[in-house]
Amino acid sequence: MPPASSDSIIVTFDGKRCIHARRCVLALPGVFRAGVEGQWIFPDSAPAEEIARVIGACPSGALTYQRKDGGLEEQAPGVNTLRPWEDGPNELRGDVRIAGQEPRMRAVLCRCGQSQRMPFCDNSHLKAEFRATSDIPSKDGKPLEAFDGPLEVTPTKDGPNMIAGNLQIIAGSGRKVTTVRKAFLCRCGQSKNKPFCDGSHKAAGFKADGAD
């Protein structure tokens, strides 16, 4: 779909990234009009600041924007975070650098092992009836000298996603779980220590491409 534009903002939608979290249509239904044919984004229907705020809540990064009025463009958050969803993917926010992809600030990574768009979630966890809590227990972590900076995400062949960089892992409620500089995150769906890998992908015969 081509970008939708007003005098103050350009809104771009990438349907391949969308996992239908519906934060846009629930927050600004006059701008993001669900269930219509063709163009469904109408940026003239709300102030650019409001549209930018709602787009920033889009977890997958399917929605992005560019200001035409000199307003502030989206900034990487001051704290890089990874938040597991209840029975769903890992939501990642920060200066995200996924191998083979353009840099982004928002992404949802598969942790059920069923996605056809690895390393990204494609909602396959719903059909698979994947079960994994977002209320993960807190644990000691390594002190971080900074909370932001690049987050390098490298899918390993037939294995977990490796993340390197300053990262705070939080529970679904927002409670701090731990801080890490490097972590291996389960994407086969079988780990007994989610969201972390425990090697279960080997016994499960998990297959997925890794970064070149």
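Residue numbers are given in the UniProt record's numbering: position 203 of the sequence shown equals residue 203, and the series is strictly consecutive. Beta carbons: idealized from backbone N, C-alpha and C, even for Gly. Given the structure is predicted, the values throughout are model-derived calculations rather than measurements.
Item, Value
"Member of GLN168, ILE98, PRO2, TRP85 whose CA lies at the smallest distance from the CA of TYR65", "PRO2"
"Neighbourhood of VAL25 by C-beta, 7 Å cutoff - its chain only, sequence neighbours within 5 removed", "PHE32, ALA34"
"Cβ-based burial, HIS201 [other Cβ within 10 Å; buried from 16]", "buried"
"ALA4 - partner residues in DSSP beta bridges", "VAL11"
"Candidates SER45, LEU28, LEU109, ALA128, of which the one nearest ARG17 by Cα", "LEU109"
"Chain-order list of residues whose beta-carbon lies under 8 Å from that of ILE51 (same chain, five-residue window excluded)", "ILE9, VAL11, LEU28, VAL31, PRO43, TYR65"
"Cβ shell of ARG181 (< 8 Å), same chain only, five flanking positions each side left out", "LYS142, LEU144, ALA164, GLY165, ASN166, LEU167"
"Identity of the residues DSSP links to THR64 by a beta bridge", "THR12"
"Neighbourhood of PRO160 by C-beta distance below 6 Å, restricted to the same chain and skipping five residues each side", "PHE184, LEU185, CYS186, ARG187, CYS197"
"Inter-residue spacing [alpha-carbon to alpha-carbon] between THR156 and GLN114", "16 Å"
"One or two residues paired with ASP95 in a DSSP bridge", "PRO150"
"Rounded C-alpha distance that separates LEU63 from VAL153", "21 Å"
"Span of the beta strand (DSSP E) around ARG104", "104-109"
"Simplified DSSP assignment, three categories, for residue 242", "This structure cannot speak to residue 242, because the chain is shown only from 1 to 212."
"Alpha carbon of ARG53 to alpha carbon of ALA203, nearest angstrom", "44 Å"
"Given LYS176 as reference, the closest of LYS139, TRP40, ALA46, ILE98 once Cα atoms are compared", "LYS139"
"Residue burial classification, ASP122 (beta-carbon count within 10 angstroms, cutoff 16)", "buried"
"Beta-bridge pairing of VAL180 - partner residues as DSSP gives them", "LEU167"
"Buried or exposed (CB count within 10 angstroms, at least 16 for buried), GLU91", "buried"
"DSSP state of ILE51 mapped onto helix, strand, coil", "helix"
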